[in-house]
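Single-structure report; data block below.
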Amino acid sequence: MRLLLVEDDPRTADYVVKGLSEAGHVCDLLRNGHDALFAATRDSYDVIIADRMIPGLDGLSMIKAVRAAGVRTPAIFLTSVGGVDDRVEGLEAGGDDYLVKPFAFSELLARINALGRRPPAQEQKTALRVADLEMDLIMRRVTRQGHVIDLQPREFSLLEVLMRGEGRVITRTMLLERVWDFHFDPKTSVVETHISRLRTKIDKPFETQLIHTVRNTGYSLHAPI
Numbered sequence: 099m100r101l102l103l104v105e106d107d108p109r110t111a112d113y114v115v116k117g118l119s120e121a122g123h124v125c126d127l128l129r130n131g132h133d134a135l136f137a138a139t140r141d142s143y144d145v146i147i148a149d150r151m152i153p154g155l156d157g158l159s160m161i162k163a164v165r166a167a168g169v170r171t172p173a174i175f176l177t178s179v180g181g182v183d184d185r186v187e188g189l190e191a192g193g194d195d196y197l198v199k200p201f202a203f204s205e206l207l208a209r210i211n212a213l214g215r216r217p218p219a220q221e222q223k224t225a226l227r228v229a230d231l232e233m234d235l236i237m238r239r240v241t242r243q244g245h246v247i248d249l250q251p252r253e254f255s256l257l258e259v260l261m262r263g264e265g266r267v268i269t270r271t272m273l274l275e276r277v278w279d280f281h282f283d284p285k286t287s288v289v290e291t292h293i294s295r296l297r298t299k300i301d302k303p304f305e306t307q308l309i310h311t312v313r314n315t316g317y318s319l320h321a322p323i
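Just so you know, we're using this note's numbering here: the sequence shown kicks off at 99 and counts up by one.
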């Protein structure tokens, strides 16, 4: 397997890399969270092994950002932070396993092999495109015809849902659940208000309309047929 190890302690890093190499795996070693985030979202790995206490971007935040970017590579935390709440926090941040230092290498290897045997999760796209509208989910950047469009966080989330469902009708109820996490109808015009703001930014400055209202149902984002 191709593995990404994120560890800033030289002795631990050398020990783990040596053992993984002897077991037949290819291991890329990085020593800070920023570099690891870039590598994990750019390259394809079978498993990520990350310490929590690393420079630049801590391991917890790094894994959260990897998951936010749609990368589903299995991840195991290898760390000295080992309280029950810490382990729960690591798993809820997107980790698949958690091993506390000091550790037995044979156990680490067994856990890595177990994660590697899991069927691959379907990875979500990190870049979306509909006609001349583009969304970079890692950089949180939206452009149309090369022009950067400034969106508020909720507007960005709303547009992401519409773009992922390109050509399909997305109901008001679906938008309330996916963007606002409402599992009931709050009887407000919050969806309509945000759709109107999106249209002002996404459609009005350009010749082609992409956001379409489906009467009494919801909305659909697609290029003209």
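Cβ coordinates follow ideal geometry from the N, Cα and C atoms, glycine included.
Please read these numbers as outputs of a predicted model, since none were measured by experiment.
Opposite residue i in the DSSP bridges: which residues?
i: V145; result: L101
i: T311; result: Y317
i: A225; result: D234
i: Y113; result: Beta-bridge pairing links Y113 to no other residue.
i: L197; result: L176
i: V124; result: R100
Buried or exposed for residue i, please, with buried defined as at least 16 other CB atoms from any protein chain shown within 10 angstroms of its CB.
i: R150; result: buried
i: E205; result: exposed
i: I268; result: buried
i: M233; result: buried
i: R209; result: buried
i: D283; result: exposed
i: G157; result: buried
i: H245; result: exposed
Go through its chain and collect everything with a Cβ distance to residue i's Cβ below 7 angstroms, but skip five positions before and after it.
i: H324; result: In the structure displayed, the chain extends from 99 to 323; residue 324 sits before or after that span and is not available.
i: V259; result: I268, L273, R276, V277
i: D230; result: R242, Q243
i: R216; result: P172
i: A163; result: L135
Which one of the options has the shortest CA to CA distance from residue i?
i: L127; options: L102, E290, A137; result: L102
i: R165; options: T311, L257, G192, I247; result: G192
i: I152; options: A137, G263, E105, L213; result: E105
i: D133; options: L155, L118, D144; result: L155
i: T315; options: I323, R270, R129; result: R270
i: P322; options: D248, T306, L256; result: T306
Closer than 8 angstroms, CB to CB, is residue i near chain B or not?
i: L102; result: No chain B is part of this structure, which consists of one protein chain only.
How about residue i and residue j: do their beta carbons lie closer than 8 angstroms?
i: G188; j: F201; result: no
i: H310; j: R252; result: no
i: A148; j: A121; result: no
i: R308; j: V240; result: Looking at the sequence shown, residue 308 is not Arg but Leu. The answer is no: Cβ separation not under 8 angstroms.
i: S318; j: G265; result: yes
i: M99; j: L135; result: no
i: L197; j: G117; result: no
Keeping to the same chain, check which residues put their C-beta closer than 6 angstroms to that of residue i; ignore five residues upstream and five downstream.
i: A225; result: D234
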